[in-house]
Amino acid sequence: MNNFIFENTTKVYFGKGGVKEYLLSLLKNYGNTVMLAYGGGSIKSNGIYDEVTAILQAAGKTVIEFSGIMSNPTYAKVQEGATLARESNVDFILAVGGGSVIDCCKIVSAQAMLKEDIWEMENFKKTYPQNFIPIGAIVTASGTGAEMNSGAVIKHEDKKIKGALFGAQARFVFLDPTYTMSVPLGQVISGAFDTLSHAMETYFGKPDTNNLSDDINEAVMRSVIRNIRIILKNPESYDARSELMWASSMAENGILKIGKITDFQAHQIEHQLGAYTNCNHGQGLAVIHPVLYRHIYKYGAERFARFAKNVWGISDKATVEQTALAGVEALADFIKEIGLPTSFTEMGISNGSDFRTIADSINITAGCCRKLTHDDIYEILNECI
Ligand code: NZQ
Ligand code: ZN
Numbered sequence: 000m001n002n003f004i005f006e007n008t009t010k011v012y013f014g015k016g017g018v019k020e021y022l023l024s025l026l027k028n029y030g031n032t033v034m035l036a037y038g039g040g041s042i043k044s045n046g047i048y049d050e051v052t053a054i055l056q057a058a059g060k061t062v063i064e065f066s067g068i069m070s071n072p073t074y075a076k077v078q079e080g081a082t083l084a085r086e087s088n089v090d091f092i093l094a095v096g097g098g099s100v101i102d103c104c105k106i107v108s109a110q111a112m113l114k115e116d117i118w119e120m121e122n123f124k125k126t127y128p129q130n131f132i133p134i135g136a137i138v139t140a141s142g143t144g145a146e147m148n149s150g151a152v153i154k155h156e157d158k159k160i161k162g163a164l165f166g167a168q169a170r171f172v173f174l175d176p177t178y179t180m181s182v183p184l185g186q187v188i189s190g191a192f193d194t195l196s197h198a199m200e201t202y203f204g205k206p207d208t209n210n211l212s213d214d215i216n217e218a219v220m221r222s223v224i225r226n227i228r229i230i231l232k233n234p235e236s237y238d239a240r241s242e243l244m245w246a247s248s249m250a251e252n253g254i255l256k257i258g259k260i261t262d263f264q265a266h267q268i269e270h271q272l273g274a275y276t277n278c279n280h281g282q283g284l285a286v287i288h289p290v291l292y293r294h295i296y297k298y299g300a301e302r303f304a305r306f307a308k309n310v311w312g313i314s315d316k317a318t319v320e321q322t323a324l325a326g327v328e329a330l331a332d333f334i335k336e337i338g339l340p341t342s343f344t345e346m347g348i349s350n351g352s353d354f355r356t357i358a359d360s361i362n363i364t365a366g367c368c369r370k371l372t373h374d375d376i377y378e379i380l381n382e383c384i
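Heads up: the sequence shown begins at 0 in numbering that gives the first Met the number 0, then just goes up one per residue.
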């Protein structure tokens, strides 16, 4: 196993009723002015907004609302939030939403404390912020695992790049599966597929020798697959929502990555597709993964065969390569079974002409069994149509 240092500083409050029980006392640890950040309004129709604002009121906080954080949050929205936080002397940010709200707040919390532009600073000077407005999160839609790390994915519309920035990590997070009951089923499934994708992007990283992280990872992948099937039959299942919610955090809280270099090539492709089309993250990944894996499985046949056997329960075929391919096809069949799109056309993306530009703008990772070229990615994008 590779050397590692591991710490995760987010305190997790998991389960039904956690916000009511613990939020008030947690808020006492922070200053008087709280930024309440949320998305397009789902928290108003499902009652979460009323519950949270009542607690903020009971805590005697001055509340500054920062709303309208969109899916695939933009850099302009980050700047709007940072200006508001600075002008209002915000002491604490409470992010209530899915990955988009949490990601936006992570970077707002850093940008508000900085004199320079965080995009330029991180991407070109390669220096990272040290001071943050503290943040806490209440997850209302799971999948990204954004709540237990400091990474954020932000879309810079002028530059046409959707890329990673690093900001604050939430001091605490509430994971209440009942809060996810109002999420449309399609979003539940695409979020859960995002979790599966994070697990796969880590599993197919390096080294591909045996280690504990991969053993745990296989359990996470099997759990996500099993619980997606349960939730499709019974969308109200609290247990299945609980399992998916915790799996989402587990896939991105660092535990599966211990001792590994991750791949995340599918994510790099999807993010740039998102920069150009604003597509749904989990859906984009569902289309890309099988196509990408058909391109590379032969170079990592042993690992893909292990995936086939331990995750999909496939028996050995005549050759390792055949077993490996059966695993990739099982993934593709599963995507179809659970109603996720299998082509960009199904997602309403047919602008093949942009693919050369998109392909050339995609970061190449070195984490998997075969390093791609921009021409490979161009081919993959065209096969996704
Ligand atoms: O905006 P509102 O009205 O709240 O509606 C949202 C949004 O339309 C809705 N929603 C959320 N909670 C709900 C609900 N609707 C009903 N009831 C509820 N309880 O769900 C829709 C999607 O929300 P969003 O936050 O955009 O989805 P998700 O959590 O999938 O986040 C996607 C973003 O996260 C990034 C993606 O690239 C994308 O920008 N990612 C962040 C990562 C990270 N920080 O670690 C890793 C991921 O790989 C990913 O890239
Ligand atoms: Zn993802």
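Don't be surprised by glycine CBs; every beta carbon is placed ideally from N, CA and C.
Remember, it's a predicted structure, so these values are computed and weren't measured experimentally.
Whole-Å CB distance - residue i paired with residue j, under 8 Å assumed
| i | j | result |
| --- | --- | --- |
| Val172 | Met199 | With a Cβ gap of about 24 Å, Val172 and Met199 do not count as contacting. |
| Gln271 | Ile361 | 5 Å |
| Leu339 | Ser189 | 7 Å |
| Ile132 | Met112 | 7 Å |
| Ser196 | Ala265 | 6 Å |
| Gly142 | Asp193 | 4 Å |
| Cys367 | Gly204 | 7 Å |
| Ile379 | Val290 | 5 Å |
| Ala285 | Ile334 | 5 Å |
| Glu251 | Asn309 | 21 Å between Cβ atoms; not a contact. |
Same chain, Cβ closer than 8 Å to residue i, neighbours up to 5 away in sequence not counted
| i | result |
| --- | --- |
| Glu50 | Val18 and Lys19 |
| Ile313 | Ala307, Thr322, Ala325, Gly326 and Ala329 |
| Ala57 | Leu23 |
| Gly38 | Ser66, Gly67, Ile68, Met69, Ser70, Gly96, Gly97, Ser99 and Val100 |
| Gly253 | Phe5, Asn7, Met147 and Asn148 |
| Ile230 | Leu184, Val187, Ile188, Ala191, Ser236, Ala239, Arg240 and Leu243 |
| Thr61 | Asn31, Thr32 and Val33 |
| Leu174 | Val11, Tyr12, Phe13, Gly14, Gly17, Val138, Ser141, Glu146, Met244, Trp245 and Ser248 |
| Ser87 | Thr32, Met34 and Ile63 |
| Val89 | Thr32, Val33, Met34, Ile63, Leu83, Ala111 and Ile132 |
Where the alpha helix (DSSP H) through residue i begins and ends
| i | result |
| --- | --- |
| Met244 | Tyr237 to Glu251 |
| Leu23 | Gly17 to Leu26 |
| Gly312 | No alpha helix (DSSP H) contains Gly312, which DSSP labels as neither H nor E. |
| Phe80 | Going by the sequence as given, residue 80 is Gly instead of Phe. Unbroken alpha helix (DSSP H) run through Gly80: Tyr74 to Glu86. |
| Tyr275 | Gln264 to Thr276 |
| Met220 | Leu211 to Lys232 |
| Cys383 | His373 to Cys383 |
| Ala325 | Val319 to Glu336 |
| Tyr292 | His280 to Ile295 |
Cutoff 7 Å; reference residue i; Cβ partners in own chain excluding five residues on either side
| i | result |
| --- | --- |
| Glu64 | Leu35 |
| Ile376 | Ile268, Ala358 and Ile361 |
| Asn381 | Gly351 and Phe354 |
| Gln168 | Thr8, Thr9, Asn148 and Ser149 |
| Ile348 | Thr276 and Cys278 |
Own chain, CB closer than 6 Å to residue i, minus 5 neighbours either side, in chain order
| i | result |
| --- | --- |
| Arg240 | Pro176 and Thr179 |
| Ser212 | Leu255, Ile257, Gly258 and Lys259 |
| Thr126 | Met120 |
| Gly98 | Thr143 and Ala145 |
| Tyr292 | Val327 |
| Ile42 | Tyr48 and Val95 |
| Thr73 | Lys154 and Glu156 |
| Gly283 | Glu269 and Leu272 |
| Ala151 | Asp102, Lys105, Ile106, Leu164 and Gly166 |
| His288 | Ala265 |
| Phe411 | The structure shown does not extend to residue 411, since the chain is modelled only from 0 through 384, so no value can be given for it. |
| Ala136 | Ala94, Ile101, Glu146, Ala169 and Val172 |
N- and C-terminal bounds of the beta strand (DSSP E) containing residue i
| i | result |
| --- | --- |
| Phe354 | Premise fails: Phe354 lies in the alpha helix (DSSP H), Phe354 to Asp359, not in any beta strand (DSSP E). |
| Glu64 | Thr61 to Phe65 |
| Tyr12 | Lys10 to Phe13 |
>> Under 6 Å, CB to any heavy atom of ligand 2. Which residues pass, going along the chain?
In response: Thr143, Asp193, Ser196, His197, His266 and His280
> Hey, which unbroken runs of the beta strand (DSSP E) at 3 residues or more fall wholly within the segment 133-204?
Replying inline: Here the runs fully enclosed are 134-138, 150-155, 160-165 and 171-174.
> Where are the alpha helix (DSSP H) runs, 4 residues long or more, that stay fully inside the segment 33-63, in chain order?
Replying inline: Whole alpha helix (DSSP H) segments, 4+ residues: 41-44 and 47-57.
> For the segment 92-129, which segments carrying the alpha helix (DSSP H) assignment without a break, of at least 4 residues, lie completely within its bounds, in sequence order?
Replying inline: Listed in chain order, they are 98-110.
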